[in-house]
Every structure is written in structure tokens, then in C-alpha cells.
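J.:
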Amino acid sequence: MVEPPPTLAVRGLSKRFGGVVALEDVDLDVLRGEVVAIAGENGAGKSTLVNVLSGMCRADAGTIVLDDVRVRVDTPARARALGIATVFQGLALCENLDVVKNLFLGREIGSLWMDERAMERQSTQLLRQIFSTVSRVRDRVGDLSGGQRQTVAIARSLLGDPSIVILDEPTAALGTTQRMQVLNQIGQLRARGLGVIMISHNLDDVGAWRTGWSSCGTAATTASSRWRPPPPSRCTRR
Ligand SMILES: Nc1ncnc2c1ncn2[C@@H]1O[C@H](COP(=O)(O)OP(=O)(O)OP(=O)(O)O)[C@@H](O)[C@H]1O
Ligand SMILES: [Mg+2]
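Plus 1 on top of the position in the sequence shown (first one is 1) and you've got the numbering used here.
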């Protein structure tokens, strides 16, 4: 059977910060309906990869191809327009605002005035789609549990109908139950046919997905391999 082309294909991505090589010659493919998990040590370059793919920082070299078309992802707005949504490591939620406001911040529905009803409705739908345990969308995000905040961030990434969702350490600092809930929600994204990149420190998280295996080594060489893990403490190269 011929494999479909990847929805996202990254080739030769490199990024330096002065003398620090954060990414070196990274290759990565993500198919629709696939979760590619990336693990690596602190400082291995995982968030740099996320930032480059989400338009937060520009790579020194390399190409990004979406659905067979080479693209430039030079701003976060451009990334979103291209269908790449990101849940950043720090979540970037406003704790003093409620769930609806967090979901629609900067993308409010309504022209002359905000359509609060429509935003409430959509918020409830979005959270239901990923089986979130957040039931009251007018609760302050600061009053939610860590896992529930993560689901709000995941739900927000779905606004705008992305084809790729990138999650940077979505299970960090979560207990077992909440971690399983978040992994389940990521499974929902996959079931919807999205391509998902999940960054994690936790090798159990990586093992939860059998469809792809990637690793970032120290000194920041990153590569992806499918179906089998790379040799211990080394990175694979295509
Ligand atoms: N804006 C920046 N300016 C200078 N150096 C940076 C910048 N961003 C990242 N780096 C450096 O690049 C390297 C990779 O950092 P990055 O944050 O991508 O690692 P990481 O794998 O996400 O680590 P962690 O597991 O701690 O989140 C580190 O040495 C870091 O200090
Ligand atoms: Mg990081």
C-alpha cells in the first residue's frame, strides 16, 4: 500500500543562538491522523522546533512543506493561517479571565458587539469534542485544575480548524489521571484526522503513540524515525 504524502514535511531545519546549536538538520514527517511524539533532554531543542514551526522564530536553514507546498512560516499569524496551531509550553492562558474569553481572546465573534451567546455555545462544543471535564465555561481559568487548563489550551488551538496541532510538554506537571485525560484528548485530535506533534519529557507519553517515534539528543540533533525507536542515547538521521 502506498503511504499518503505527509501533511507536514520538515527537511534540514537548523537553528543557532550564537554559539548554541539548538537544531541541526532536523527532518520530520507528520501524516494526517497521526501523533508524532518527540522526546529529549532539557535544552535539546524541542521548544525551538515548536517555535520555528509556529512562526515564533525563524530557522537559519531548512524547508517546511505543507500538503506538498513549500511554505514560509515567518509569523505566528502566518502559521495559524496555514493551519498550524500550537499549544505552547507555558500555555499562555489569562488566569483572571473565564474559559470563553480565553478561548476567543483576539478572535471574538461579533462585529459591533461581541456575541457572547455564540462564543459560549462554541466553547461548550469545542470542550465536548475533546471530552474535557470543564463544564462551566464562565469559570475563571485560574480556578481550574492543571489538566483542565491544558484542555482549554488544546480547545483554543482548535479554533480556526487547523490541520496540524503542536503541543509542547502538554503533560508536564500533571498527575496520573489528568495526564491520561490529556493523552485521551490528544487521541481525539488524531481521531479527527489532524496531524499532531507532541513534545514530552515522559517516555511513557511517547510510548502511548505507536505511529511515530522521534528523539532530540543533546547538542540538538533532531530527527524522526517511524515505527521503531532510535538506538539508545543516539539520534537517528534519515
Ligand atoms: N531565544 C533564545 N536565545 C538564546 N538561546 C536560546 C533561545 N531559545 C533557546 N535557546 C537555547 O537553545 C537550546 C534549546 O532550547 P529549547 O528551549 O529549545 O530546549 P528544550 O528542549 O525545549 O528544553 P526544555 O526541555 O527545558 O523545555 C538551549 O541551549 C537554549 O538555551
Ligand atoms: Mg521546551
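Even glycine gets a Cβ: it sits at the ideal position worked out from N, Cα and C.
Looking only at its chain, what residues have a beta carbon closer than 7 Å to the beta carbon of Gly77, apart from the 5 residues adjacent to it on each side?
T.: Contrary to the premise, residue 77 reads as Pro rather than Gly in this sequence. Once the five neighbours on either side are set aside, the close Cβ partners of Pro77 are Ser55, Gly56, Met57.
J.: For Arg81, collect the residues of the same chain with a Cβ closer than 7 Å to its Cβ; drop the 5 residues on either side in sequence, then sort them by chain order.
T.: Gly161.
J.: Closest to Thr125 by CA distance: which of Asp116, Glu117, Val138 is it?
T.: Considering only alpha carbons, the answer is Val138.
J.: Spatial neighbours of Asp206 within its chain, please: C-beta separation below 6 Å, excluding the five flanking residues on both sides.
T.: Thr172
J.: Can you list the beta strand (DSSP E) stretches of 3 or more residues lying completely in the region 2 to 38, in chain order?
T.: 9 to 18, 21 to 31
J.: Is any non-hydrogen atom of ligand 1 found closer than 7 Å to the C-beta of Asn43, if you look at the structure I gave you?
T.: yes
J.: Please tell me whether, using a cut-off of 7 Å, the distance from the CB of Phe89 to the nearest non-hydrogen atom of ligand 1 is below it.
T.: no
J.: Quick one: what's got a C-beta closer than 7 Å to Gln179's C-beta in the same chain, skipping five residues either side?
T.: Ser146, Gly147, Gly148
J.: Compute the distance between the beta-carbons of Ile131 and Leu168, then report whether it is under 8 Å.
T.: no
J.: Three-state secondary structure (DSSP) at Gly63?
T.: strand
J.: Tell me the rounded alpha-carbon separation between Glu170 and His202.
T.: 7 Å
J.: For ligand 1, is there a heavy atom less than 7 Å away from the beta-carbon of Ala23?
T.: True, at least one ligand heavy atom lies under 7 Å from that Cβ.
J.: Going by DSSP, which residues form a beta bridge with Asp144?
T.: Its beta-bridge partners do not exist; DSSP assigns none.
J.: Helix, strand or coil: which one does DSSP assign to Ala174?
T.: Ala174 falls in the coil class under three-state DSSP.
J.: Report the CB separation of Gly194 from Gly34 in whole angstroms; it is logged as a contact under 8 Å.
T.: 5 Å
J.: Let me check you understand the geometry: is the CB of Met102 closer than 7 Å to at least one non-hydrogen atom of ligand 2?
T.: It is Lys, not Met, that sits at residue 102 in the sequence shown. Lys102: no, Cβ never under 7 Å from ligand 2.
J.: Classify Asn185: buried if its beta carbon has 16 or more other beta carbons within 10 angstroms, exposed otherwise.
T.: Counting Cβ neighbours within 10 Å, Asn185 comes out exposed, since fewer than 16 surround it.
J.: Would you report the Cα separation of Asn103 and Ile155, rounded to the nearest angstrom?
T.: One C-alpha to the other measures close to 11 Å.
J.: Please name the residue in Gly41, Ala60, Val70, Gly46 whose C-alpha comes closest to that of Leu9.
T.: Val70
J.: Please report how far the alpha carbon of Arg122 lies from the alpha carbon of Val166, in whole angstroms.
T.: 23 Å
J.: So what does Thr87 bridge to, in DSSP terms?
T.: The partner list for Thr87 (beta bridge, DSSP) reads Ile167.
J.: In three-state terms, what does DSSP make of Arg129?
T.: helix
J.: Using a threshold of 7 Å, is the CB atom of Ser48 nearer than that to any non-hydrogen atom of ligand 1?
T.: Placement of the Cβ of Ser48 at a distance of less than 7 Å from at least one heavy atom of ligand 1 is found.
J.: Examine ligand 1 and report whether any of its heavy atoms sits within less than 7 Å of the Cβ of Phe105.
T.: no
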